[in-house]
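*Asks:* Right, I'll just put the structure down here and ask away after.
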Amino acid sequence: MKKRIQWMAFLILTAIQMGFAQERLTISGRVTDQDGVAVAKVLVVLKENNKFSETNSRGEYLFANVKNGDFTLEVNDMGYYGFTKKIVVKDGSVVASIQLEYKVNALSEINITAKDQIQQIKEKAFNVAVIDAVKLHHTTMDIGHALNKVSGMRVRESGGVGSTMNFSMNGYGGNQIKFFLDGIPMDHFGSAFQLNNIPINLAKRIEVYKGVVPVGLGSDALGGAVNIITNNYSKTSLDLSYSYGSFNTHRSNVNFIYAADNGFFTQINAFQNFSDNDYKVKVDLYDLNSGKLLEKGARVKRFHDQYHNETFVGQVGLIDKKFADKIAFGITLGQSYKEIQTGARMETIFGGLHHRANIVMPSFVYQKKNFLLHGLSLNVNANYNLGTEQNIDTLYRRYGWTGDYIDYKLQNKKAGGERDYSMYKYKNNNGMLSSSLQYQLGERHGFALSNTLNFFNRKGSDELFPEADKYEQPAKTTKNISGLSYQFVPNTTWSASAFVKYYNQVNKYSQSYNPSGKWGDIAYEQFEKTYDEYGYGLTASYFIHDNFQLKASFEKAIRLPDNSEIFGDMINMIGDVNLRPEISDNYNFGFNLQWPLHDHRLLFDTNLFYRDSKDFIRQKLDFKENYQMSENLAAVINYGIEAEWRYLYKDQLSVGINGTYQKMLNNTPFVEGVQSLVYKDRLPNVPYLYGNADASYTFKDLWAGKSDNLSFGYSMMYIHEFYLLWPSQGDKNDGKRLIPEQLTHDLIATYTLGEKEKFQFTIECRNLGDKMVYDNFSLQKPGRSFSGKVRYFF
1 MKKRIQWMAF LILTAIQMGF AQERLTISGR VTDQDGVAVA KVLVVLKENN KFSETNSRGE
61 YLFANVKNGD FTLEVNDMGY YGFTKKIVVK DGSVVASIQL EYKVNALSEI NITAKDQIQQ
121 IKEKAFNVAV IDAVKLHHTT MDIGHALNKV SGMRVRESGG VGSTMNFSMN GYGGNQIKFF
181 LDGIPMDHFG SAFQLNNIPI NLAKRIEVYK GVVPVGLGSD ALGGAVNIIT NNYSKTSLDL
241 SYSYGSFNTH RSNVNFIYAA DNGFFTQINA FQNFSDNDYK VKVDLYDLNS GKLLEKGARV
301 KRFHDQYHNE TFVGQVGLID KKFADKIAFG ITLGQSYKEI QTGARMETIF GGLHHRANIV
361 MPSFVYQKKN FLLHGLSLNV NANYNLGTEQ NIDTLYRRYG WTGDYIDYKL QNKKAGGERD
421 YSMYKYKNNN GMLSSSLQYQ LGERHGFALS NTLNFFNRKG SDELFPEADK YEQPAKTTKN
481 ISGLSYQFVP NTTWSASAFV KYYNQVNKYS QSYNPSGKWG DIAYEQFEKT YDEYGYGLTA
541 SYFIHDNFQL KASFEKAIRL PDNSEIFGDM INMIGDVNLR PEISDNYNFG FNLQWPLHDH
601 RLLFDTNLFY RDSKDFIRQK LDFKENYQMS ENLAAVINYG IEAEWRYLYK DQLSVGINGT
661 YQKMLNNTPF VEGVQSLVYK DRLPNVPYLY GNADASYTFK DLWAGKSDNL SFGYSMMYIH
721 EFYLLWPSQG DKNDGKRLIP EQLTHDLIAT YTLGEKEKFQ FTIECRNLGD KMVYDNFSLQ
781 KPGRSFSGKV RYFF
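Quick note: the sequence shown uses our numbering, first residue 1, plus one each step.
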């Protein structure tokens, strides 16, 4: 049935194209730098109709189906001065060559230049923010912490390097936010390949979609999505870096790309992270034997929190061939080791519990424009994760914060461990197949059809309990998401799109029961649950002026329960097989304004949002507060505003500030027929007022005859106090367990030497005031830290 629908869509598009056939005039050419070298992966913009074309490895661009008239070609790309050229199309195709002049960019924080590739993405009808990752390559940031600078985005961690990371966007977090690597879902990459261990140098830019998500990403996101775009494969390049910092933290990265003139390329990206994470925390010390309080608010070091990972990403393929714009085979290999210091709260302390993981993931990519007919593009991505995960908990002890412990005698082999006596090793057997067709009919009409299939099948065993039946029970999920969209662009002033999505999920699991009523008699009954849901949405954009854009969007969004929520993550999350899909009506309305004036530029970006969610899935603590678990709330509403302002002077000075205010309320009046005591309460453990500020300045060409820059940067993060538990419950003074206001300051300085081959030397100080910084369930993060980084690239 699905194949028939795809073929019908294909035939319809073909018929439409034949009905609208017209003479095809083109504007084409080649983009080079001042040395005559082809410049690949830059956007050439046709200003009058707001179209753009990305150059291939030979620097070639093409605009098809152009009508007679006067046009302006524009190029604004990082590393080159802006280019503008007037051309006239009159009864014939035009070839226009473009030569760009190289320049050295300021190393500011997140900085958006007008009408370049990043600005083109921002001007889509979606509520989207874009991070120019290239401007952060000199920092020691990972991709996760770079996202913390985006308005409306909050990154929450359980500790230091390698700790569990939770992303929140306008109040929606965890699995409600979906992540992609070059459009490929990252749901199944495993703990050995997470955003807080991927260096920022891997990315070229990061696109953050808030609320409505494009059909092409094939996602069941409820609150938004993040798409990480990596470096292109059309230029030979090398990027080497190493950093060392507080708490014995080492990070290194090698990114090498070889691109031949015949289209062959190969990429090697290898990176590692290591940290003892032995930063100080503020805790209450108790005598392990008597339970007596010894010292309140003592400052002690974490002693069991070491983390390291090593990852290799390789790819080989061809680009710009007749049969494929890109075809590539890849492999991702990696391993990680993580000592687990605490449970879901600081009161639970471990000294031996640890987790190991690896990733072995082959992948395939195929991309082709003008596939079978002109204007039709095909994209196919596939991968399968063969990696393993293992929890090791064999010490029968109870630890205190000073590292002291009490040994217990093992009464039988089924007892023991600090939390759950186990050496359980398992494979999640994750796989993904994603395909999409995009068809551009003339200048006004665009169609997209996508389908993403995800499957999950956890299998494992425990050498401590080799005959245990519970490890043989099914834990399977198959998830399929299809989407169809239409975009109408009548002119450069306004555009609109409509889309529909289909969601399907099948879960297979078992539950234990006692068949005889006798103690210890356990049997398992197998179950299967299927969910089918439909979503839809609209987006629209209108330019009041060339530099003033209004945007609005609506989506009925569906989010299917994630594997970790259904079956647990085997670390700190307990699963619940009865979770229902989330359904949310998401509304966005915003505007962005640019005010250019000679060498100065002001940028304003504001968005209002409203979310009305049913069966909202949220995390809470279990009864003993050792684990997190998920639950459905019947109804939640969330509304608020986010805004960003930035001032730019040339490419030397950048000053910006952003802030978010949101009101996320429990809208469930009754629970199982009983009036809820927390009706209209703010959701607990969710920040509702937060923001960032940053400033940077670059001194250029410090010494005569040398091409060198010295850049200084400052950034600030603010989070208003919020409640860990429901606000209407507990004592007014301390029973609610308030998470206090947080304000931190960071400093950075970078010296850059060289033109085409560059050296960078960076020093950073994070949390300059050494403030206590809290996060998810009040888990404490590192205080003041220093680091240095050396980078070489060409």
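Using N, Cα and C, we set each Cβ at its ideal position, and we do this for glycine too. Please read all numbers here as calculations on a predicted model, not as lab measurements.
1) Under three-state DSSP, which class holds Y81?
2) At a cut-off of 8 Å, would you count I87 as near the ligand NAP, judging by its Cβ distance to the nearest heavy atom?
3) How many angstroms separate the CA atom of A259 from the CA atom of S495?
4) Could you tell me which residues DSSP pairs with F699 in its beta bridges?
5) Taking D796 as the reference, give the member of K459, T478, T477 with the closest Cα.
6) Can you list, in chain order, the residues of its chain whose CB lies under 8 Å from that of S564, leaving out five sequence neighbours each side?
7) Assess contact between the region 660 to 678 and the region 628 to 647, defined as three or more Cβ pairs (one per stretch) separated by less than 8 Å. Is contact present?
8) Let's test the definition: count the other Cβ atoms within 10 Å of the Cβ of G520 and tell me whether it reaches 16, buried, or not, exposed.
9) Between the alpha carbons of G590 and H308, how many angstroms are there, rounded?
10) Flag this pair as yes or no: are the beta carbons of L395 and G352 separated by less than 9 Å?
11) What whole-angstrom Cβ distance do V31 and Y61 have, given they're in contact under 8 Å?
12) To the nearest angstrom, how far is it from the Cα of E582 to the Cα of I177?
13) Express the C-alpha separation of E418 and G403 in angstroms, rounding to a whole number.
14) Please classify G314: does DSSP put it in a helix, a strand, or coil?
15) Can you check whether the CB of S613 is closer than 9 Å to the CB of D569?
16) State the DSSP-derived secondary structure class of V134, mapped to helix, strand or coil.
17) Cutting at 6 Å between CB atoms, please list the residues of its own chain near C765, excluding the five before and the five after it.
18) Thinking just about the alpha-carbon of each residue, which of V89, R580, Y587 is nearest to the one in I538?
19) Would you kindly work out how many angstroms separate the C-alpha atoms of D287 and Y405, rounded to a whole number?
20) Could you check the C-alpha separation between L560 and A498 for me, to the nearest Å?
21) Would H355 be called buried (16 or more neighbouring beta carbons within 10 Å of its own) or exposed?
22) Using only alpha-carbon positions, find the residue among L43, H374, D393 that is nearest to Q440.
23) How long is the line joining the alpha carbons of I641 and S510, rounded to whole angstroms?
24) From D182 to S676, what does the alpha carbon distance come to, in whole angstroms?
25) Please work out which residues of its chain come closer than 7 Å, Cβ to Cβ, to K338, disregarding the five sequence neighbours upstream and downstream, and give them in chain order.
26) Name the residue from K235, G216, V44 whose alpha carbon lies nearest to the alpha carbon of V37.
27) Which residues mark the beginning and the end of the beta strand (DSSP E) in which A146 is found?
28) Excluding the 5 residues preceding and the 5 following G29 in the sequence, name in chain order all residues of the same chain whose CB lies nearer than 7 Å to its CB.
29) With DSSP collapsed to three states, give me the class of V674.
30) For Y471, name the three-state secondary structure that DSSP assigns.
31) For the beta strand (DSSP E) that I566 lies in, which residues bound it at each end?
32) From L46 to K551, what does the alpha carbon distance come to, in whole angstroms?
33) Does P740 pass the burial test, meaning 16 or more other C-beta atoms within 10 Å, or should it be called exposed?
*Replies:* Walking through what the data contain:
1) On the sequence shown, residue 81 is found 81 positions in, with the first residue counted as 1. DSSP places Y81 in coil when its eight states are reduced to three.
2) No copy of the ligand NAP occurs in the structure displayed, which carries no ligand at all.
3) Locating residue 259 in the sequence shown gives position 259, counting from the first residue. Locating residue 495 in the sequence shown gives position 495, counting from the first residue. Their backbone Cα atoms lie some 38 Å apart in a straight line.
4) On the sequence shown, position 699 is the one that residue 699 refers to. Assignment of beta-bridge partners to F699 by DSSP yields L710.
5) Outside the displayed span of the chain (1 to 794) sits residue 796, for which this structure offers no information.
6) Within the sequence shown, numbered from 1, the residue matching residue 564 stands at position 564. Closer than 8 Å at Cβ, skipping near neighbours: N175, M573, G575.
7) Output reads yes: the region 628 to 647 touches the region 660 to 678.
8) What you label residue 520 is simply residue 520 of the sequence shown in a count that begins at 1. By the 10 Å Cβ count, G520 comes out exposed.
9) Residue mapping note: residue 590 aligns to position 590 of the sequence shown, counting from 1. Residue mapping note: residue 308 aligns to position 308 of the sequence shown, counting from 1. Their Cα atoms are separated by approximately 42 Å.
10) By 1-based counting over the sequence shown, the position of residue 395 is 395. By 1-based counting over the sequence shown, the position of residue 352 is 352. The beta carbons of L395 and G352 sit closer together than 9 Å.
11) On the sequence shown, position 31 is the one that residue 31 refers to. On the sequence shown, position 61 is the one that residue 61 refers to. The C-beta distance from V31 to Y61 rounds to 6 Å, short enough to meet the 8 Å contact threshold.
12) Reading the sequence shown from its first residue, position 582 is the one you call residue 582. Reading the sequence shown from its first residue, position 177 is the one you call residue 177. Looking at the two C-alpha atoms, the distance is approximately 13 Å.
13) Looking up residue 403 in the sequence shown gives position 403. Looking up residue 418 in the sequence shown gives position 418. Between G403 and E418, the C-alpha separation is close to 14 Å.
14) Counted from its first residue, the sequence shown places residue 314 at position 314. For G314, the secondary structure class from DSSP, reduced to helix, strand or coil, is strand.
15) Your numbering for residue 569 matches position 569 in the sequence shown. Your numbering for residue 613 matches position 613 in the sequence shown. No.
16) By 1-based counting over the sequence shown, the position of residue 134 is 134. If DSSP states are grouped into helix, strand and coil, V134 belongs with the helices.
17) On the sequence shown, position 765 is the one that residue 765 refers to. Closer than 6 Å at Cβ, skipping near neighbours: L747, F786.
18) The residue given as residue 538 occupies position 538 in the sequence shown. For the record, residue 538 in the displayed sequence is Leu; it is not Ile. Among V89, R580, Y587, the Cα nearest to that of L538 is on Y587.
19) As a first step, residue 287 is located in the sequence shown; it is residue number 287 there, counting from the start. As a first step, residue 405 is located in the sequence shown; it is residue number 405 there, counting from the start. In a straight line, the C-alpha of D287 is about 10 Å away from that of Y405.
20) Mapped onto the sequence shown, residue 560 falls at position 560. Mapped onto the sequence shown, residue 498 falls at position 498. Distance between the alpha carbons of L560 and A498: 22 Å.
21) As a working mapping, residue 355 is identified with position 355 in the sequence shown. Classification of H355: buried, given that the 10 Å Cβ count is 16 or more.
22) Here residue 440 refers to the residue found at position 440 of the sequence shown. Ranking L43, H374, D393 by CA distance to the CA of Q440 puts H374 first.
23) Mapped onto the sequence shown, residue 641 falls at position 641. Mapped onto the sequence shown, residue 510 falls at position 510. When the Cα atoms are used, I641 and S510 turn out to be separated by approximately 44 Å.
24) Indexing the sequence shown from 1 puts residue 182 at position 182. Indexing the sequence shown from 1 puts residue 676 at position 676. Going by the C-alpha atoms only, they are around 44 Å apart.
25) Here residue 338 refers to the residue found at position 338 of the sequence shown. For K338, where only same-chain residues beyond five positions count, the Cβ hits under 7 Å are G162, Y307, H354, H355.
26) Position 37 of the sequence shown, counted from the start, is the residue given in the question as residue 37. Cα-wise, what sits closest to V37 is K235.
27) Locating residue 146 in the sequence shown gives position 146, counting from the first residue. Going by DSSP, A146 is part of no beta strand (DSSP E) but of the alpha helix (DSSP H) stretching over 143 to 146.
28) Residue 29 sits at position 29 when you count from the first residue of the sequence shown. The residues are Y61, V95, A96, S97, I98.
29) The residue you call residue 674 lines up with position 674 of the sequence shown. Three-state result, V674: strand.
30) Here residue 471 is taken as the residue at index 471 of the sequence shown, counted from 1. In this structure, Y471 counts as helix in the three-state DSSP scheme.
31) In the sequence shown, the residue the question calls residue 566 occupies position 566. Looking at the DSSP string, I566 is not in any beta strand (DSSP E); the run it does join, the alpha helix (DSSP H), is 563 to 567.
32) The sequence position of residue 46 within the sequence shown is 46, counting from 1. The sequence position of residue 551 within the sequence shown is 551, counting from 1. When only Cα atoms are considered, L46 and K551 end up about 22 Å apart.
33) For the purposes of this step, residue 740 is taken as residue 740 along the sequence shown, with counting starting at 1. Burial call: exposed.
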